[in-house]
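K.L.:
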Amino acid sequence: MTHPGDITRRQLLRRIGITALAAGPGAGLLAACATAGTGGEPSAAPSTSLPASADPKNPFGVDAQKPLEVVIFSGGYGDAYAKDLHEELYRKAFAGVTVKHTATQEIGTQLRPRLIGGDAPDVINNSGPKSMDLAALAAEGHLADLASLFDAPSVDDPAKKVRDTITPAVLENAKVTGKDLVLNYTVSHRALWYNAKLFAAKGWTLPATWEEFTALGETAKKEGILLFAYPGQKGPYYQFWNVLYTAAKIGGNQVIIDIDNLVDNAWNAEPMKRAVTVWADIQAKYGDKAYFGLDHTQTQIKQLQNKVLFYPVGSWIENEMAKDKPDDFEYAIAPIPEVTGSDRMPYGAIQVGVGENFVVAAKGKNPQGGLEYLRLMLSKEGARGFTEKTKNVTVVNGAAEGVDLPAGLMSAARAQDRAGRNVITEARFEGWYKELFDYGTEQINVVMAGRITPEEFCANLQKKADAVKKDDAVTKQTRSS
Amino acid sequence: MERLRRYGFVAGFLAVPLVLYTVFVISPYVQAFQLALTSWNGYSSIVRYVGLDNFGRLFQDEVFWRALRNHGILLLVLPLVTILIALVFAFLLNLGGGTRGAGMKGVWGSNFYRTVFFFPQVLAVAVVGVLFQAVYRPDEDGVINGVLARFGVDPVGWLIEPDLALWSIIAVMVWQAVGFYVVLFSAGMAAIPKDYFEAAALDGANRLRLFFSITLPLLRDTVQVGWIYLGIAAFDGFALIQVLAGDKGEPDGATTILPITIYNTAFSYQKVGYASAMGVALFFLTVTFAVLTLRTTRRERVEL
Amino acid sequence: MAPREIERPRFGVLNGLSHVALAVWALLIVAPLLWTFLASFKSNAEIFGDPLQLPGALRLDAWGRAWDTAHIGRYMLNTVIVVLFGTAGTMVFGSMAAYVLARYRFPGSRLIYYYFVAGLAFPVFLALGPLFFVVKQVGLLNSHVGLVLVYVAYSLPFTVFFLAAFFRTLPEAVAEAAQIDGASHTRTFFQIMVPMARPGLISITIFNVLGQWNQYLLPLVLLAGDPDKWVLTQGIARISTLAGYEADWPGLFAALSITILPVMIVYIIFQRQIQSGLGSGALK
């Protein structure tokens, strides 16, 4: 086992909460990943930005008479964190105010007509498979500028600005076509997840090279365990991510950045082909085709039953499966093994990113209230409560301190610590060009099942990327690093 | 005076349905037809007209053609199989018991069967989808594969083999639809005068002959209605496919039917204009299908 | 008489075969439903274990969760109200329109008939966006009244199509006799034609009840802003998605059972009426 084990719990928490994406060397890398598209001039949208008032208790001048409407995507995190916590904080701040709470899984289906029809709710948790196209919303001025939020005094320390209490990656990811329009609230760690207790019991060590990985596959096979599986239904994008991250490990983050920027032939780059090839090989030799027809829960249950060794996913899995997790199962994160022997990123690189989008409607009835609601979410109390309720870490620095974090999150923090500056970047085209991403999640099953070759996979995606590039109905975005 | 009363009556009866229908059905559809000529993305306040560009794009869109092909299969197979099974069952349930006493009757227990067969109709698509996910599970924990495993058969990937998936889905739709058509055809059969059968039975016709020479011809109208409705029900297949196979018509687009493609194009990819063009194409296809069906099956109504 | 003697044993074989076919189909229907019901008592591990296994214990907690999270009770009531008025409205207006279009010749009657029937050929969800604004403009958004009117409107095409065909098959003589007796057109319709068309009306009523009961997209968009007014399909979709995120599969199957059972009971209670209504046709 490669756990150093000498970091104290407190250090870990600090790493997750404070230095996670901030001051560490990895942060510099993430911080550079801004959308460069329109030059990134700050808050240049007078129509959607709100003047900050002088009162640090009520910087946006919220009118307590005005009701606030919050719509939450009720997914992996549920909606209790909003209903029982953040909305309560808002009610406490403005006595007598009414807060309307709606939870839905169909964000886009329900809200698109309301936004266009001028009946927008104030705070929208734009997540899930039916989430809305933020670039399209931004183009119509539906999204309030969050620059004033980031520049507002923090709830916990009025001397500090909100932007100084959160990880910088939030500020980078806030940009939609150059403006600060979206707040990412959670931090997640993605790589391969496994059962640390099983490894300890069997005396196995984490594979650092692809040879060790396949050798472990043989060993596991004899025990009736699959080396690797991903859910072919509803969750093939887990494997799509995995292949993209593997490509970034082989060829550096530039591989993903080029893909995001729709650079010609980005999909046909050698690292991409190599990544697809090695994973298709793993599937052919150590996989089971039944998983093409299982969804994420079914696959995750199989892993809990020790039928699957490695599973490509993010740190939210621990909370997702908390109810079913037996005592002899302990979630831990494993980096992607070294593929070529000369990968651009060394062994240990994992993906760390921010997620769970919140936006404030600019043309809603109470945009001030919406901004204030987000400010309360970003308070220590709001963030710590979120972590307590969902066992997931937020972007608020140090807010997780004192919270009893489960083993998997601790493992993720240790992994991040070891990764240092080798943090794999997230693929932004998932949000920018959904059609391309969806096509990829469909094609990944095809190539993993062996019905097309890795070369065909890359060629197909390149063709789709070219089509998106040509399609002038699609708003283009770019990133410089 | 009578003429006036007549028109007054006609107008009175048609007014409310026409207004409701025009306001809530036709006016949205007319807007959708207009959108087919635009590049609207579902959000923007400025709608740009692109003429017939969207229709031109359809011709080069592989996904569209694949969806069209699958839709065609569905449109043909679903009604055919459903009606066939429903006719046989309806016949057995109503007339399968042979001649006894005053007339024809169904096989023993026909009431029980009729009730049970109808059950799937009362299930919401979401329910059916979740149910058959468990039934079709590709490992030995699936309901079908679990049974197969007892006979030593390897698990079958019902929904993950591109050659199998669409058929598995059609099977579910047939499973759900048969019951209603059994009841529908039963009603039709009950309306056939008993003496027809008695006379034929006296002539020594067996049940197969009764079915083909009396039941089927006299049920032609009912069958035709059933056929058209099933063709339209194929639209609803999209919800089932979304739940069962995945919202992109997995695997490899083998279960993509037009409504799936339209839905994704409009709501996932924000190309509402283009999706509307697909919808318009689908509209004309369906109309053609309906007209052709009516043409080829039209004949003099059997006088009772 | 000789051929009949020979045919007897063949009747026996055929009888046996038909019973096998019917029994197999019945099993195909009952088995999955029974499985759903049993799964609501299982644990996650059992659900994903051997499908032919019975639940290890009678766990009722999933039913409680399903009732709470999916708000089944309230949604059921909403659904019953909407479907009741929706179907009633559809039947009244649909049969009126169908009758006039089937049995009265007037300029444009064919055109109006096809105008109605054309509505069958377009996928509902493409109208969703524009429909939202139409309903908003008439001020019926997030109201059951609005949803009922929309249900009626969207059920009209098939209802008119089906009933017009049915009214056409009814004999002229009875209506003519009534007219000669001095009955008005309206009276002829309600007192003579409707009773005669009973089998057709019952079939299409069942059809509309089922269609409206299972409707998902229309309430999703038209009731978006008011969860208290949601219908059952929205509750099911909610708990089904939640099951995926929270891995509460027993809860999902319990919710499914809760929604299936009452519908089945209602159907079993009324199936006699439905079938006798269908059977005792006025067609003679």
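Protein chains in written order, with full-length UniProt numbering: chain A, 1 to 481; chain B, 1 to 304; chain C, 1 to 284. Where is the CB? At the ideal position from N, CA and C, for every residue including glycine.
So, Ala269 of chain A versus Gly251 of chain A, is the Cβ gap smaller than 8 Å?
P.N.:
Going by C-beta atoms, Ala269 of chain A is nearer than 8 Å to Gly251 of chain A.
K.L.:
For Gly64 of chain C and chain A, any beta-carbon pair shorter than 8 Å?
P.N.:
Gly64 of chain C does not count as touching chain A.
K.L.:
Any heavy atom of the ligand FMN within a distance shorter than 7 Å of the CB on Ile317 of chain A?
P.N.:
No copy of the ligand FMN appears in this structure; indeed no ligand is present at all.
K.L.:
Hey, how far is the Cα of Asn397 of chain A from the Cα of Leu146 of chain A?
P.N.:
For Asn397 of chain A and Leu146 of chain A, the distance between alpha carbons rounds to 19 Å.
K.L.:
Relative to the C-alpha of Thr79 of chain C, which candidate in C:Ser143, C:Ser203, C:Ile202 and C:Ala197 has its C-alpha closest?
P.N.:
When only C-alpha atoms are compared, the closest one is C:Ser143.
K.L.:
List the residues that DSSP assigns as beta-bridge partners of Trp193 of chain A.
P.N.:
Paired residue(s): A:Tyr311 and A:Ile333.
K.L.:
Just how far apart, CA to CA, sit Leu33 of chain C and Thr233 of chain C?
P.N.:
Approximately 18 Å between the Cα atoms of the pair.
K.L.:
Helix, strand or coil for Ile268 of chain C, going by three-state DSSP, please let me know.
P.N.:
If DSSP states are grouped into helix, strand and coil, Ile268 of chain C belongs with the helices.
K.L.:
Let me check understanding here. Comparing Cα to Cα, which of A:Ala449, A:Glu455 and A:Asp327 lies closest to Pro162 of chain B?
P.N.:
Taking only the C-alpha atoms, the option nearest Pro162 of chain B is A:Ala449.
K.L.:
Between the Cα of Val135 of chain C and the Cα atoms of B:Leu131, B:Val243, B:Val23 and B:Ile214, which residue gives the shortest distance?
P.N.:
Ranking the options by Cα distance to Val135 of chain C, first place goes to B:Val23.
K.L.:
Can you check whether the CB of Ala361 of chain A is closer than 8 Å to the CB of Pro168 of chain A?
P.N.:
Contact flag unset, no.
K.L.:
Counting only beta-carbon separations shorter than 8 Å, does Glu250 of chain B have a partner in chain A?
P.N.:
Cβ-Cβ to chain A under 8 Å: yes for Glu250 of chain B.
K.L.:
Is the CB of Tyr113 of chain C under 8 Å away from at least one CB in chain B?
P.N.:
By this cut-off, Tyr113 of chain C is not an interface position.
K.L.:
For the pair the segment 100–112 of chain A and the segment 326–340 of chain A, tell me if three or more CB-CB distances fall below 8 Å.
P.N.:
The segment 100–112 of chain A is not in contact with the segment 326–340 of chain A.
K.L.:
Is any beta-carbon of chain B found at less than 8 Å from that of residue 482 of chain A?
P.N.:
This structure leaves residue 482 of chain A out entirely; chain A is present only between 1 and 481.
K.L.:
Is the Cβ of Asp139 of chain B closer than 8 Å to any Cβ of chain A?
P.N.:
Chain A contact via Cβ: present.
K.L.:
Jot down the residue ranges of each uninterrupted alpha helix (DSSP H) in the segment 86–171 of chain A, minimum 4 residues, whole runs only, in chain order.
P.N.:
Runs found: 87–93, 107–116, 134–139 and 147–151.
K.L.:
Just to make sure I have the definition right: I need the residues of chain A whose C-beta is within less than 9 Å of the C-beta of Phe267 of chain B. Which are they?
P.N.:
Simply Gly108, Thr109, Arg112 and Lys130.
K.L.:
Under a three-way DSSP split, which group does Lys323 of chain A fall into?
P.N.:
Lys323 of chain A falls in the coil class under three-state DSSP.
K.L.:
Quick one: grab the DSSP three-state call for Gly103 of chain B.
P.N.:
Since pLDDT at Gly103 of chain B reaches only 49, below the 50 mark, its modelled position is unreliable, and no value is offered.
K.L.:
Please name the residue, chosen from A:Asn392, A:Val354 and A:Asp260, that lies closest to Gln477 of chain A on a Cα-to-Cα basis.
P.N.:
Answer by Cα proximity: A:Asp260.
K.L.:
If you reduce the DSSP assignment to three classes, tell me which class Asp180 of chain A lands in.
P.N.:
Residue state, collapsed to three classes: strand.
K.L.:
Let me know the secondary structure DSSP gives Thr340 of chain A once reduced to three states.
P.N.:
The answer is coil: DSSP assigns Thr340 of chain A none of H, G, I, E or B.
K.L.:
Run the CB neighbour count on Asp417 of chain A, radius 10 Å, all protein chains shown included, and call it buried at 16 or more, exposed below.
P.N.:
Classification for Asp417 of chain A: buried.
K.L.:
Quick check: the Cα distance between Ala465 of chain A and Gln351 of chain A, rounded to an integer number of angstroms?
P.N.:
Straight-line Cα distance between these residues: approximately 23 Å.
K.L.:
Below 8 Å on the Cβ atoms is my contact criterion, and I expect Ile160 of chain B with Phe240 of chain A to pass it. Report the Cβ-Cβ distance as a whole number of Å.
P.N.:
That pair is no contact at about 17 Å.
K.L.:
Can you find a CB in chain A that lies within less than 8 Å of the CB of Ile144 of chain B?
P.N.:
Not an interface residue.
K.L.:
Starting from the C-beta of Phe33 of chain B, find all residues in its chain whose C-beta is less than 8 Å away, skip the five residues before and the five after it, and write them out in chain order.
P.N.:
Hits under 8 Å: Ser276 and Val280.
K.L.:
Please confirm if the segment 184–194 of chain A is in contact with the segment 404–423 of chain A, defined as three or more CB-CB distances below 8 Å between the two stretches.
P.N.:
The answer is yes - the segment 404–423 of chain A touches the segment 184–194 of chain A, with three or more Cβ pairs under 8 Å.
K.L.:
Apply the 10 Å Cβ neighbour rule to Asn265 of chain A and answer buried if 16 or more other Cβ atoms are within range, or exposed otherwise.
P.N.:
Asn265 of chain A should be labelled exposed.
K.L.:
Just the Cα atoms here: how many angstroms apart are Phe29 of chain B and Asp181 of chain C?
P.N.:
Checking the sequence, you will find Tyr at residue 29 of chain B rather than Phe. Distance between the alpha carbons of Tyr29 of chain B and Asp181 of chain C is about 45 Å.
K.L.:
Tell me which residues of the segment 155–167 of chain B have at least one Cβ-Cβ distance to chain A shorter than 8 Å, keeping chain order.
P.N.:
For the segment 155–167 of chain B, which is checked against every Cβ of chain A, the residues closer than 8 Å are Pro155, Gly157, Trp158, Leu159, Ile160 and Pro162.
K.L.:
I want to verify the contact list: residues of chain A whose CB lies under 7 Å from the CB of Pro227 of chain C, in sequence order.
P.N.:
Near Pro227 of chain C (Cβ distances below 7 Å), the residues of chain A are Thr102.
K.L.:
Given that Gln233 of chain A touches chain C, what residues does it touch there, using C-beta distances under 7 Å?
P.N.:
Going along chain C, no residue has its Cβ under 7 Å from Gln233 of chain A, so there is no contact; the nearest lies around 10 Å.
K.L.:
Where does Gln34 of chain B sit, in a helix, a strand or coil, going by DSSP?
P.N.:
Note: Gln34 of chain B maps to helix in three-state DSSP.
K.L.:
Quick check on Asn214 of chain C - is its C-beta less than 8 Å from some C-beta in chain B?
P.N.:
It does: the Cβ of Asn214 of chain C has a partner Cβ on chain B nearer than 8 Å.
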